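Asks: Going by this note's numbering, the sequence shown opens with residue 263, and the numbers climb by one from there.
Handing you this structure, nothing more for now.
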Amino acid sequence: MILISTENTTAIMVFAFIAYLAAVNPPRLRIGLPEADGRARFGPLLAGSALVFVITAALALSAETVLEWFQITPESWRMASGIIVGLVGARVLVAPQRAEEPVLDGWGAALVPVAFPLLFTPQLATLAVLFGGTESSSVAVGRLALAMVVAVAVGMMRRTRDALWLASARFFGALLIIVAVLEVVEGIRDV
(Lines of atoms letter the chains of each structure in order from A; the text may use other names.)
(Lines give C-alpha, C1' and ligand atoms only; values in the text may rest on other atoms or scores of the structure.)
Protein backbone atom coordinates (compact mmCIF):
# COMPACT_ATOMS: atom_id res chain seq x y z
CA MET A 263 0.00 0.00 0.00
CA ILE A 264 1.10 3.54 -0.49
CA LEU A 265 0.52 4.45 3.14
CA ILE A 266 1.08 0.93 4.38
CA SER A 267 4.40 -0.59 3.41
CA THR A 268 4.17 -4.19 2.23
CA GLU A 269 7.07 -5.05 4.54
CA ASN A 270 4.98 -4.09 7.57
CA THR A 271 2.75 -7.15 7.97
CA THR A 272 1.13 -5.87 11.17
CA ALA A 273 -0.09 -2.75 9.41
CA ILE A 274 -1.42 -4.85 6.52
CA MET A 275 -3.25 -7.15 8.94
CA VAL A 276 -4.81 -4.19 10.74
CA PHE A 277 -5.77 -2.60 7.40
CA ALA A 278 -7.43 -5.83 6.22
CA PHE A 279 -9.37 -6.15 9.49
CA ILE A 280 -10.54 -2.52 9.21
CA ALA A 281 -11.55 -3.17 5.60
CA TYR A 282 -13.62 -6.21 6.63
CA LEU A 283 -15.15 -4.29 9.53
CA ALA A 284 -16.08 -1.37 7.28
CA ALA A 285 -17.61 -3.83 4.78
CA VAL A 286 -19.71 -5.47 7.51
CA ASN A 287 -20.62 -2.00 8.91
CA PRO A 288 -21.92 -3.07 12.36
CA PRO A 289 -23.91 0.16 13.01
CA ARG A 290 -25.77 -0.25 9.71
CA LEU A 291 -26.39 -3.88 10.61
CA ARG A 292 -27.81 -2.79 13.98
CA ILE A 293 -30.19 -0.32 12.34
CA GLY A 294 -31.71 -2.99 10.09
CA LEU A 295 -32.11 -5.83 12.59
CA PRO A 296 -35.53 -6.96 13.80
CA GLU A 297 -35.90 -6.32 17.51
CA ALA A 298 -37.54 -7.76 20.56
CA ASP A 299 -37.73 -5.47 23.62
CA GLY A 300 -35.26 -2.97 22.15
CA ARG A 301 -32.60 -5.61 21.47
CA ALA A 302 -31.83 -7.64 18.38
CA ARG A 303 -33.07 -11.20 18.51
CA PHE A 304 -29.98 -13.26 19.32
CA GLY A 305 -30.88 -16.49 17.50
CA PRO A 306 -31.50 -15.06 14.01
CA LEU A 307 -28.54 -12.69 14.36
CA LEU A 308 -26.17 -15.52 15.27
CA ALA A 309 -27.54 -17.92 12.63
CA GLY A 310 -27.43 -15.30 9.86
CA SER A 311 -23.91 -14.25 10.83
CA ALA A 312 -22.74 -17.86 10.84
CA LEU A 313 -24.26 -18.45 7.39
CA VAL A 314 -22.55 -15.36 5.96
CA PHE A 315 -19.26 -16.32 7.61
CA VAL A 316 -19.36 -19.78 5.98
CA ILE A 317 -20.16 -18.35 2.53
CA THR A 318 -17.55 -15.59 2.77
CA ALA A 319 -14.89 -17.90 4.21
CA ALA A 320 -15.49 -20.28 1.30
CA LEU A 321 -14.92 -17.36 -1.08
CA ALA A 322 -11.68 -16.43 0.68
CA LEU A 323 -10.42 -20.02 0.75
CA SER A 324 -11.18 -20.56 -2.95
CA ALA A 325 -10.09 -17.08 -4.08
CA GLU A 326 -7.01 -18.17 -6.03
CA THR A 327 -9.05 -20.77 -7.91
CA VAL A 328 -11.82 -18.25 -8.63
CA LEU A 329 -9.34 -15.69 -9.95
CA GLU A 330 -7.60 -18.30 -12.12
CA TRP A 331 -10.90 -19.65 -13.42
CA PHE A 332 -12.03 -16.19 -14.55
CA GLN A 333 -8.46 -15.37 -15.68
CA ILE A 334 -8.29 -12.25 -13.53
CA THR A 335 -5.00 -11.10 -12.08
CA PRO A 336 -4.90 -10.15 -8.40
CA GLU A 337 -3.94 -6.61 -9.41
CA SER A 338 -7.01 -6.26 -11.65
CA TRP A 339 -9.21 -7.70 -8.92
CA ARG A 340 -7.70 -5.25 -6.43
CA MET A 341 -8.66 -2.31 -8.66
CA ALA A 342 -12.14 -3.71 -9.38
CA SER A 343 -12.83 -4.41 -5.72
CA GLY A 344 -11.63 -0.91 -4.87
CA ILE A 345 -14.15 0.54 -7.30
CA ILE A 346 -16.98 -1.60 -5.91
CA VAL A 347 -16.06 -0.79 -2.31
CA GLY A 348 -15.83 2.92 -3.15
CA LEU A 349 -19.24 3.02 -4.82
CA VAL A 350 -20.86 1.21 -1.89
CA GLY A 351 -19.04 3.46 0.58
CA ALA A 352 -20.37 6.55 -1.20
CA ARG A 353 -23.92 5.17 -1.10
CA VAL A 354 -23.62 4.35 2.61
CA LEU A 355 -22.20 7.80 3.29
CA VAL A 356 -25.20 9.44 1.61
CA ALA A 357 -27.95 7.01 2.68
CA PRO A 358 -26.80 4.57 5.39
CA GLN A 359 -30.24 3.07 5.94
CA ARG A 360 -32.00 0.96 3.34
CA ALA A 361 -35.66 1.39 2.55
CA GLU A 362 -38.00 -0.93 4.39
CA GLU A 363 -37.46 -4.48 3.22
CA PRO A 364 -39.53 -7.56 3.84
CA VAL A 365 -38.51 -9.36 7.01
CA LEU A 366 -39.22 -13.02 7.58
CA ASP A 367 -40.63 -14.10 10.94
CA GLY A 368 -38.84 -16.25 13.49
CA TRP A 369 -35.73 -18.03 12.28
CA GLY A 370 -36.42 -16.86 8.73
CA ALA A 371 -35.09 -13.48 9.87
CA ALA A 372 -31.64 -15.12 9.95
CA LEU A 373 -31.86 -15.31 6.17
CA VAL A 374 -33.78 -12.07 5.46
CA PRO A 375 -32.67 -9.44 6.54
CA VAL A 376 -29.64 -10.59 8.60
CA ALA A 377 -27.73 -12.71 6.08
CA PHE A 378 -29.18 -11.08 2.97
CA PRO A 379 -29.01 -8.07 2.44
CA LEU A 380 -27.47 -6.75 5.69
CA LEU A 381 -24.33 -8.87 6.02
CA PHE A 382 -23.57 -10.58 2.72
CA THR A 383 -22.86 -7.58 0.55
CA PRO A 384 -20.88 -6.99 -2.65
CA GLN A 385 -18.11 -5.24 -0.75
CA LEU A 386 -17.70 -8.11 1.71
CA ALA A 387 -17.60 -10.70 -1.09
CA THR A 388 -15.07 -8.77 -3.17
CA LEU A 389 -12.81 -8.13 -0.18
CA ALA A 390 -12.93 -11.82 0.79
CA VAL A 391 -11.78 -12.81 -2.69
CA LEU A 392 -9.16 -10.04 -2.67
CA PHE A 393 -7.63 -10.95 0.68
CA GLY A 394 -7.97 -14.68 0.07
CA GLY A 395 -6.24 -14.33 -3.31
CA THR A 396 -3.42 -12.01 -2.31
CA GLU A 397 -2.59 -13.23 1.19
CA SER A 398 -2.80 -16.36 3.27
CA SER A 399 -6.36 -17.67 3.06
CA SER A 400 -6.38 -18.79 6.68
CA VAL A 401 -5.29 -15.33 7.88
CA ALA A 402 -7.98 -13.72 5.71
CA VAL A 403 -10.60 -16.04 7.22
CA GLY A 404 -9.35 -15.28 10.74
CA ARG A 405 -9.74 -11.53 10.21
CA LEU A 406 -13.18 -12.15 8.72
CA ALA A 407 -14.18 -14.14 11.82
CA LEU A 408 -13.03 -11.31 14.07
CA ALA A 409 -15.05 -8.75 12.06
CA MET A 410 -18.15 -10.98 12.27
CA VAL A 411 -17.75 -11.32 16.06
CA VAL A 412 -17.60 -7.53 16.37
CA ALA A 413 -20.71 -7.23 14.17
CA VAL A 414 -22.65 -9.69 16.34
CA ALA A 415 -21.53 -7.90 19.51
CA VAL A 416 -22.67 -4.54 18.13
CA GLY A 417 -25.86 -6.15 16.85
CA MET A 418 -26.77 -7.21 20.38
CA MET A 419 -26.44 -3.68 21.78
CA ARG A 420 -29.53 -1.74 22.68
CA ARG A 421 -30.55 0.71 19.97
CA THR A 422 -31.48 3.93 21.72
CA ARG A 423 -30.54 6.84 19.48
CA ASP A 424 -31.01 6.29 15.78
CA ALA A 425 -29.09 9.48 14.92
CA LEU A 426 -25.95 8.10 16.62
CA TRP A 427 -26.29 4.75 14.79
CA LEU A 428 -26.78 6.54 11.45
CA ALA A 429 -23.73 8.76 12.04
CA SER A 430 -21.67 5.69 12.96
CA ALA A 431 -22.85 3.89 9.81
CA ARG A 432 -21.78 6.93 7.76
CA PHE A 433 -18.37 6.82 9.43
CA PHE A 434 -17.96 3.21 8.26
CA GLY A 435 -19.05 4.33 4.78
CA ALA A 436 -16.23 6.88 4.84
CA LEU A 437 -13.83 4.13 5.90
CA LEU A 438 -14.98 2.11 2.88
CA ILE A 439 -14.08 5.03 0.62
CA ILE A 440 -10.60 5.22 2.18
CA VAL A 441 -10.15 1.46 1.70
CA ALA A 442 -11.30 1.85 -1.91
CA VAL A 443 -8.82 4.60 -2.70
CA LEU A 444 -5.94 2.65 -1.16
CA GLU A 445 -6.90 -0.51 -3.06
CA VAL A 446 -7.28 1.21 -6.44
CA VAL A 447 -3.99 3.08 -6.06
CA GLU A 448 -2.18 -0.08 -4.95
CA GLY A 449 -3.69 -2.01 -7.85
CA ILE A 450 -2.48 0.64 -10.31
CA ARG A 451 0.99 0.60 -8.77
CA ASP A 452 1.14 -3.21 -9.00
CA VAL A 453 0.22 -3.22 -12.69
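Note that beta-carbon positions come from the ideal geometry of N, C-alpha and C, so glycine has one too.
As the structure is a prediction and not an experimental result, all values here were calculated from the model.
Considering only their Cβ atoms, is the gap separating L373 from L291 smaller than 8 Å?
Replies: Contact: no.
Asks: To test your reading of the DSSP string, which unbroken alpha helix (DSSP H) runs of 4 or more residues are found completely within the segment 292-350?
Replies: Here the runs fully enclosed are 304-323, 325-331.
Asks: Could you give the distance in angstroms between the alpha-carbon of L307 and the alpha-carbon of V416?
Replies: Roughly 11 Å separates the two Cα atoms.
Asks: To the nearest angstrom, report how far apart T272 and I440 are at their CA atoms.
Replies: Answer to the nearest angstrom: the Cα atoms are 18 Å apart.
Asks: Comparing alpha-carbon positions, which option in R340, T422, L329 lies nearest E445?
Replies: Of the candidates R340, T422, L329, the one whose C-alpha sits nearest the C-alpha of E445 is R340.
Asks: Closest to E448 by C-alpha separation, out of G310, V276, S338, would be which residue?
Replies: Answer by Cα proximity: S338.
Asks: Using the three-state DSSP reduction, which class does L366 fall into: helix, strand or coil?
Replies: Residue state, collapsed to three classes: coil.
Asks: Given a threshold of 16 other Cβ atoms within 10 Å of its Cβ, counted over all protein chains shown, does V453 qualify as buried or as exposed?
Replies: It is exposed - the Cβ of V453 has fewer than 16 other Cβ atoms within 10 Å.
Asks: I'd like to know whether the C-beta atoms of F279 and L408 end up nearer to each other than 8 Å.
Replies: Cβ atoms of F279 and L408: closer than 8 Å.
Asks: Could you give the C-beta distance for G395 and E326, rounded to a whole number, given that I count them as a contact under 8 Å?
Replies: Sure, about 5 Å apart at Cβ, within 8 Å.
Asks: Smallest Cα separation from R323: which of F434, A425, A431, A402?
Replies: The residue asked about is misnamed: residue 323 is Leu in this sequence, not Arg. If we check each option's Cα against that of L323, A402 comes out closest.
Asks: Check this for me: beta carbons of A309 and W369, under 8 Å apart or not?
Replies: For A309 and W369, yes; Cβs fall inside 8 Å.
Asks: P289 and S400 - do their beta-carbons sit closer together than 8 Å?
Replies: No, they are not a contact pair.
Asks: Helix or strand or just coil, what does DSSP make of S400?
Replies: Correct three-state label for S400: helix.
Asks: Would the beta-carbon of A425 fall within 8 Å of that of G348?
Replies: No. Outside cutoff.
Asks: Quick check on V453: does DSSP put it in helix, strand or coil?
Replies: V453: coil per DSSP, three-state reduction.
Asks: Is the beta carbon of P375 sitting closer than 8 Å to the one on V365?
Replies: Contact: yes.
Asks: Tell me which same chain residues have a C-beta within less than 7 Å of the C-beta of Q385, skipping the five on either side of it?
Replies: Excluding positions up to five away in sequence, the list reads A285, I346, V347, V350, L438.
Asks: By DSSP, does F393 sit in helix, in strand, or in coil?
Replies: The answer is helix: DSSP assigns F393 an H, G or I state.
Asks: Excluding sequence positions up to five away, which residues of its chain have a Cβ less than 6 Å from the Cβ of Q359?
Replies: Cβ neighbours of Q359 beyond the five flanking positions: I293.
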